[in-house]
Structure formats: C-alpha cells, structure tokens
Amino acid sequence: MGRRMVLVIALVSAVCLLAPQAAAAHKESDDSAYAVTPLVSSNGVPNTVVDPNLLNGWGLVAGPATPWWVADNHADLSTLYNAAGTKLGLEVTVAGGPTGIVFNGAPGFPVGPSNVSARFIFSTEGGTIAGWTPSAGNVAQVKVDSSAAGAIYKGLAIATTETGSQLYATDFANARVDVFNDTWAPVTADGGFVDRKIPDGYAPFGIQTIGDRIFVTYAKQGPSGDELHGKGLGFVDAYDTAGHLLARVARHGALDAPWGLAMAPDNFGRFGGDLLVGNFGDGRIHAYEERPNGHFVFRGTLRDSEEMPIAIDGLWALEFGHGAVNNGPTDTLFFTAGPNGEQDGLFGSIRAVESEESD
121 MGRRMVLVIA
131 LVSAVCLLAP
141 QAAAAHKESD
151 DSAYAVTPLV
161 SSNGVPNTVV
171 DPNLLNGWGL
181 VAGPATPWWV
191 ADNHADLSTL
201 YNAAGTKLGL
211 EVTVAGGPTG
221 IVFNGAPGFP
231 VGPSNVSARF
241 IFSTEGGTIA
251 GWTPSAGNVA
261 QVKVDSSAAG
271 AIYKGLAIAT
281 TETGSQLYAT
291 DFANARVDVF
301 NDTWAPVTAD
311 GGFVDRKIPD
321 GYAPFGIQTI
331 GDRIFVTYAK
341 QGPSGDELHG
351 KGLGFVDAYD
361 TAGHLLARVA
371 RHGALDAPWG
381 LAMAPDNFGR
391 FGGDLLVGNF
401 GDGRIHAYEE
411 RPNGHFVFRG
421 TLRDSEEMPI
431 AIDGLWALEF
441 GHGAVNNGPT
451 DTLFFTAGPN
461 GEQDGLFGSI
471 RAVESEESD
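In our numbering, the protein residues as written are 121 to 479.
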C-alpha cells in the first residue's frame, strides 16, 4: 500500500512538472504565421479604402461597441472606421497634432457647457489634452494646456484608481509622465514613473493600460525633439497606477523606438498570451512572455508565411478588437501607421493564420 501511494504521488508530480513544459512546447511548435491586411490608406494602397485625411494615423482606440477612432496627426483630425475599413461620417477636429487617444466609459473629465463626461480624449504634440463627447459637435475641447512648459505629448493612457479615473500622458520633451485626475487637474504620482536604470537621453514615448498596470515605452531623444531610430534604441517598463516600477519588460535588443503595446489573447497563434511591442523605427512587432516570477523574456518576432519579419512602415498603435461588429474579433490585431516619413497614413489588421493559408 505504501509503495503504491508513493508511485501515485510520483506520477502526479511528474504530470504537474511536465504539463507546463508540454504547453510551452506546443506553443513553440505552433507553425502559424501572421497575415497583414491593409484596410484604409491616404495614398491609395491597393485594395484599401482611400481617405486623404488619414495622415500619419497614430493613436487608435475603440469603446466596447464603437468603431475605431484614429488620431490623424498631420490632419488635426480623428476619423472613424469599422472593422472592415468602412469610413464613418463623423470627423472630429483635434488641434495641435493628435497622438494618443483613449476611450472613457466612466464619469468624470467634463467637457462642454453642460459638463458632460468626455467619451474620447486626445493628447497632442502641442502639449495639450482635449476631450470630446457627442454634444460637443465635431471639435474636441482643450482641457489641459502644458505648452508653456514645452510639453510634447506622444502618448496617452487611462486607468481606474481608488480615487477615480486618471490620465497618463508621455511628455517626450521633458522626459516624464504627466498625470491628471478626472477633473483635468494635475496629480503627483507617488512613484513618479521613474526607472533609474534607464540612461539620460531616453524619454517616455508610448503608454498603454493593460489590466491594472501601465506599460511605458522609452525612445532615445534626438536633437530635433523627435525620437532617434536604430536597433537597440528602446526600453519598456511596467508600472502600477501610482507610478511605482513593477517590471523591466525589455531593454535594448530588438527594440527600435517602440511605441505600440498590446496583450495578445491566447488564440493569437504562436504568440498567444504574450505582450506585443511595436517598433516605430523599423515597423516590426516583437513578443515578450511574462513568466510566473513577473519577469518578461523575448520570444520572437511576428513573421509572415515566408518566415519574413512583418515590417509596417511608420508603425504606431496596436489594438485588439473587442468582439463587436464595429471593432472586430478579439483575436484580430488592428494597427495604425504613418508611412513615407509620416506623410501618409494606414489603418489595417493582422491575424494569425496557418502557414499555407497566408501563402
């Protein structure tokens, strides 16, 4: 009886030890590739809807059932498209060169004469943050103006905290993350969004709320105030909503002015469940796996059926659909880009496919 019990325990232990390894092996052996589908372009990319206002499409967001809203940086607009790329009628003016955009589904962030909660909120390179709600017509109202401090906001995130919703804007010029509460007032983050291991000359660039964490990308500052491109020029960190450093996700390596961030669902092919980081510099998308100890490890690069790295010129945002007709399946990755030196714009999607399907 004793020997049988020992044998059973040994077998159970072996199964428990092998299960994660088997799952990892299955993930590694997944032969799925990724297929890119351009949907909307400003310059007539074949088989796309043409929208001349989609100029340097940057930030991208959708509410649970809304279409996709794109921040058209070089048009001072936000244009709307559904998951198939059909353009919708509304265009919202956003002065100052919009970059990041978030959806606000909670109270707070009042705009307009009736102080109605903003539904979509934009950051701009002009150092402003503006809010829009349906009663505001077709113009986003500026509610934060940090231009006097020389701010250049390159990205925007929103998160729920114990005291209400907060906005997080990456000020690339001043190398900091500015935080605002739901009355648009500035807030001092307890942790400060500081990583002392990132060298001087790098600044917060992209930012995204994923779960209860704020992920921040860092790019190297250039003399003109824009980011520098080159292999290894970048960092990615994870913070809590108070700005305390939780994890150093990625350092140098494959990073090249990273901006876009998204957590892939489990059914997104070989990189299902991984953190996806998009490089603005070389247009590639890399996957990082979070281990049980909270550390992240590099897993690879999204590739097509020919095993060539996917590279999207001027890649900006990465966002998965929410499962609604307007914004597409939850396993489809939507993206924006500013190709040709940010002079044009592109909105498209990426999905995992069997290798032969994308041939």
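The beta carbon of each residue, even a glycine, is placed where N, CA and C say it ideally should be.
Smallest Cα separation from residue i: which of the options?
i, options, result
"Val-262", "Ala-256, Thr-248 and Tyr-273", "Thr-248"
"Ala-277", "Ser-266, Ala-269, Ala-271 and Leu-287", "Leu-287"
"Gly-326", "Asp-315, Ser-344, Asn-301 and Val-356", "Val-356"
"Ser-266", "Ala-250, Ala-457, His-442 and Ala-256", "Ala-250"
"Phe-313", "Gly-441, Val-299 and Trp-304", "Val-299"
"Ala-155", "Asn-399, Phe-400, Asn-413 and Gly-389", "Gly-389"
"Asn-294", "Ala-271, Asp-315, Val-307 and Ala-305", "Ala-271"
"Ser-344", "Tyr-359, Arg-316, Thr-337 and Gly-321", "Gly-321"
"Phe-418", "Trp-304, Arg-239, Val-397 and Asp-424", "Val-397"
"Trp-252", "Val-222, His-415 and Ala-268", "Val-222"
"Gly-311", "Asn-387, Arg-411, Ala-358 and Ala-204", "Ala-358"
"Pro-172", "Ala-204, Glu-211 and Leu-180", "Glu-211"
"Ala-268", "Gly-246, Gly-275 and Lys-274", "Gly-246"
"Ser-285", "Glu-410, Phe-400 and Ala-238", "Ala-238"
"Leu-438", "Pro-412, Ser-425, Pro-429 and Ala-457", "Ala-457"
"Asn-399", "Val-307, Asn-413, Thr-337 and Ser-425", "Thr-337"
Give me the DSSP bridge partner(s) of residue i.
i, result
"Pro-184", "Answer by DSSP bridge pairing: none, since Pro-184 is not bridged."
"Thr-421", "His-406"
"Gln-261", "Gly-251"
"Glu-211", "Thr-199"
"Glu-347", "Gln-341"
"Met-383", "Leu-395"
"Ile-221", "Phe-242"
"Leu-453", "Phe-440 and Ile-470"
"Arg-333", "Ile-330"
"Ala-367", "Ala-358"
"Ile-278", "Leu-287"
"Arg-296", "Asp-291"
"Pro-230", "Ser-237"
"Gly-416", "A small correction: the amino acid at residue 416 is Phe; Gly does not occupy that position in the sequence shown. Glu-410."
"Thr-157", "Ser-469"
"Ala-323", "Ala-339"
"Val-307", "Val-299"
Between residue i and residue j, what straight-line distance do the alpha-carbon atoms span, to the nearest angstrom?
i, j, result
"Ser-152", "Gly-392", "11 Å"
"Asn-202", "Ile-470", "15 Å"
"Asp-402", "Ser-234", "45 Å"
"Ala-309", "Asn-167", "46 Å"
"Arg-404", "Thr-290", "22 Å"
"Arg-160", "Phe-292", "Looking at the sequence itself, residue 160 is Val, so the reference to Arg does not match. When rounded, the distance between both Cα atoms is 29 Å."
"Tyr-408", "Gly-420", "7 Å"
"Arg-482", "Gly-217", "This structure cannot settle anything about residue 482, because the visible part of the chain is limited to 121 through 479."
"Thr-361", "Thr-280", "8 Å"
"Pro-385", "Asp-394", "8 Å"
"Thr-283", "Asn-301", "8 Å"
"Lys-340", "His-406", "19 Å"
"Phe-440", "Phe-455", "9 Å"
"Gly-461", "Trp-188", "23 Å"
"Pro-459", "Asn-163", "10 Å"
"Arg-423", "Val-473", "11 Å"
"Phe-229", "Asn-387", "35 Å"
"Lys-207", "Thr-213", "16 Å"
"Ser-425", "Gly-363", "40 Å"
"Glu-427", "Gly-209", "39 Å"
"Val-307", "Gly-414", "28 Å"
"Ala-260", "Trp-304", "14 Å"
"His-442", "Gln-328", "16 Å"
"Thr-452", "Gly-373", "27 Å"
"Gly-205", "Ile-430", "21 Å"
CB residue i to CB residue j, shorter than 7 Å?
i, j, result
"Leu-175", "Thr-199", "no"
"Thr-244", "Trp-178", "no"
"Val-297", "Pro-324", "yes"
"Met-383", "Ile-330", "yes"
"Pro-158", "Val-169", "no"
"Ile-241", "Asn-224", "yes"
"Asp-196", "Ala-226", "no"
"Leu-481", "Phe-335", "Nothing about residue 481 can be reported from this structure: the residues present for the chain run from 121 to 479 only."
"Ala-256", "Gly-232", "yes"
"Leu-365", "Asp-315", "yes"
Exercise for the section: Could you tell me whether the region 340 to 355 touches the region 370 to 377, where touching means 3 or more Cβ pairs closer than 8 Å? Expected result: yes
Exercise for the section: Take every Cβ of the region 362 to 370, pair it with every Cβ of the region 431 to 445, and state whether three or more of those distances are shorter than 8 Å. Expected result: no
Handout entry: Touching by the beta-carbon criterion (3+ pairs, under 8 Å), the region 188 to 203 and the region 456 to 470
Key = yes
Exercise for the section: Say whether the region 174 to 190 touches the region 437 to 449, bearing in mind that this needs 3 or more beta-carbon pairs closer than 8 Å, one atom from each stretch. Expected result: yes
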